[in-house]
Ligand SMILES: CC1(C)S[C@@H]2[C@H](NC(=O)CCCC[C@H](NC(=O)C[NH3+])C(=O)[O-])C(=O)N2[C@H]1C(=O)[O-]
């Protein structure tokens with residue numbers, strides 16, 4: 146069936162709107178039946194004045210959660226883990242509730258509190274306090290467990306980074322190796338994602354990269370260059386670095402079934418609503434957005450200090466969009482950037 150051509154003027158308008166709302170720059174890359182379309186606006190480095198470059202690397206934040214989910218679901222397919230088995234079966238004594246299962250982690254229904262709410266209550270001081278810190282997985286779990294559970298296991302969707310910290314622990318327990326090796330051998334290498342890496346706790350983004358600029362909580366406050374950080378507060382929940390092309394390749398390959406079996410893709414894309422709009426859903430480490438034209442897109446969003454990312458594909462993987470703005474803690478910029486999805490996947494609005 147024919148699909149609408151991407152409305153690249155609409156994509157540029159969304160990128161410019163992100164800039165008008167405080168992003169020094171933004172960019173988007175679309176792949177579809179008619180090939181690749183890229184657009185960039187503004188700068189990737191405010192001091193050097195370097196223009197945004199579609200080849201650049203950047204921090205993808207929670208889009209990392211989908212990479213971690215792919216590794217874990219491959220381990221499930223290999224019989225090394227089971228989705229409906231309690232986490233404590235694999236990591237004895239880790240969690241205070243034996244009812245919390247692996248599936249509860251991937252669907253944000255475990256009830257484990259998100260320690261980043263307290264950690265980043267004050268945006269810039271919170272960031273400065275951790276940007277060079279290296280946490281163990283256990284320290285992050287302990288931060289979560291120091292707060293009350295947010296739901297009985299399985300009862301409701303309560304997004305928490307803690308879930309994907311435990312996912313990282315499960316991957317390392319099941320493989321006996323660091324999670325970085327699993328990303329590399331199971332995803333980065335097979336898909337030839339040459340600009341995608343997991344370098345925790347190194348603070349640098351190697352090669353040509355976008356610099357990220359964090360908005361302070363104080364209106365009109367100066368932007369903070371947040372490019373260099375360990376992202377140790379997130380690790381398997383948010384520390385992957387990638388590029389627009391690699392994210393297009395990843396989400397498209399995922400939806401085409403290059404990484405997981407059809408049965409596992411069915412499980413991954415079985416979703417529940419995350420809000421009252423009934424257009425936003427979550428499956429297993431994967432978001433589904435239902436767009437105004439009826440198209441359903443699957444992927445993830447990412448917020449890490451100085452970067453906001455969307456990485457989505459259609460269910461058949463034939464169309465994919467990645468978009469990033471190099472600012473964060475500015476809701477209007479994030480929402481504006483989201484306009485790239487409607488423009489890219491729904492095409493020009495009828496006059
Ligand atoms: C659910 C989200 C939005 S939050 C979650 C994760 N990012 C974080 O947990 C970092 C939150 C603080 C980042 C900081 N904000 C503050 O400090 C606010 N006081 C900023 O904007 O740079 C990610 O990425 N996910 C997004 C996702 O999945 O889309």
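Residue numbers (our numbering): 146 to 496.
All C-beta atoms, glycine included, are put in the ideal place defined by N, C-alpha and C.
Computed from a predicted model, the values in this text were never measured in an experiment.
Taking the alpha-carbon positions, what's the residue 228 to residue 243 distance? Translated into positions along the chain shown, residue 228 becomes position 83. Translated into positions along the chain shown, residue 243 becomes position 98. Straight-line Cα distance between these residues: approximately 14 angstroms.
Whose CA, out of 392, 340, 491, lies closest to the CA of residue 150? What you label residue 150 is simply residue 5 of the chain shown in a count that begins at 1. For residue 150, the nearest C-alpha among the options comes from 491.
Measure the C-alpha to C-alpha separation of residue 408 and residue 369 and round it to an integer number of angstroms. Residue mapping note: residue 408 aligns to position 263 of the chain shown, counting from 1. Residue mapping note: residue 369 aligns to position 224 of the chain shown, counting from 1. For residue 408 and residue 369, the distance between alpha carbons rounds to 45 angstroms.
Start and end residues, beta strand (DSSP E) containing residue 190: By one-based count along the chain shown, residue 190 stands at place 45. Counting along the chain, the beta strand (DSSP E) containing residue 190 begins and ends at 180-190.
Look up residue 195 in the DSSP assignment and say whether it is helix, strand or coil. If you number the chain shown from 1, residue 195 lands on position 50. DSSP places residue 195 in strand when its eight states are reduced to three.
Below 7 angstroms CB to CB, which residues in the same chain sit around residue 412 once its five sequence neighbours on both sides are set aside? The residue labelled residue 412 in the question sits at position 267 within the chain shown. Beyond the five residues adjoining it in sequence on each side, residue 412 comes within less than 7 angstroms, by CB distance, of 429 in the same chain, given in chain order.
I'd like to confirm the pairing. Which residues does DSSP put opposite residue 468 in its beta bridges? Translated into the one-based positions of the chain shown, residue 468 becomes position 323. In DSSP, residue 468 forms a bridge with 173, 455.
For ligand 1, is there a heavy atom less than 7 angstroms away from the beta-carbon of residue 326? Against the chain shown, residue 326 aligns to sequence position 181. No, the beta carbon of residue 326 sits no closer than 7 angstroms to any heavy atom of ligand 1.
Once you ignore the five residues that flank residue 197 on each side, which residues in its own chain have a CB closer than 8 angstroms to its CB? What you label residue 197 is simply residue 52 of the chain shown in a count that begins at 1. Contacts found: 170, 171, 172, 185, 186, 187, 188, 189, 355, 471.
Starting from residue 444, follow the beta strand (DSSP E) in both directions and report where the run begins and ends. Walking along the chain shown from the start, residue 444 turns up at place 299. Per DSSP, residue 444 belongs to the beta strand (DSSP E) from 441-449.
Thinking just about the alpha-carbon of each residue, which of 378, 403, 436, 483 is nearest to the one in residue 450? To locate residue 450, count along the chain shown from 1; it is residue 305. Selected option, being the one with the closest Cα: 378.
Take the Cβ of residue 434 as the centre, count every other Cβ of all protein chains shown within 10 Å, and call the residue buried at 16 or more, exposed below. The sequence position of residue 434 within the chain shown is 289, counting from 1. Flag for residue 434 reads buried.
Could you tell me which uninterrupted alpha helix (DSSP H) segments, each at least 4 residues in length, are contained entirely in the segment 224-266, listed from first to last along the chain? 232-235, 247-251, 261-264
Are residue 359 and residue 269 touching if we call contact CB-CB under 8 angstroms? As a working note, residue 359 is residue 214 in the chain shown. As a working note, residue 269 is residue 124 in the chain shown. Yes, these two residues count as a Cβ contact at 8 angstroms.
Within the same chain, show all residues whose beta-carbon is closer than 8 angstroms to that of residue 236, passing over the 5 residues directly before and after it, in chain order. Position 91 of the chain shown, counting from 1, holds the residue named residue 236. These residues qualify, in order along the chain: 311, 314, 315, 318.
In the DSSP assignment, the beta strand (DSSP E) including residue 435 goes from what residue to what residue? To locate residue 435, count along the chain shown from 1; it is residue 290. Looking at the DSSP string, the run of the beta strand (DSSP E) that includes residue 435 is 432-435.
Any non-hydrogen atom of ligand 1 closer than 7 angstroms to residue 450 Cβ: If you number the chain shown from 1, residue 450 lands on position 305. Yes - ligand 1 has a heavy atom lying nearer than 7 angstroms to the Cβ of residue 450.
When you compare the CB positions of residue 174 and residue 467, do they come within less than 8 angstroms of one another, or not? Working through the chain shown from its first residue, we reach residue 174 at position 29. Working through the chain shown from its first residue, we reach residue 467 at position 322. Result yes, Cβ atoms of residue 174 and residue 467 sit closer than 8 angstroms.
Reducing DSSP to helix, strand and coil, say where residue 202 ends up. For the purposes of this step, residue 202 is taken as the residue at position 57 of the chain shown. Strand.
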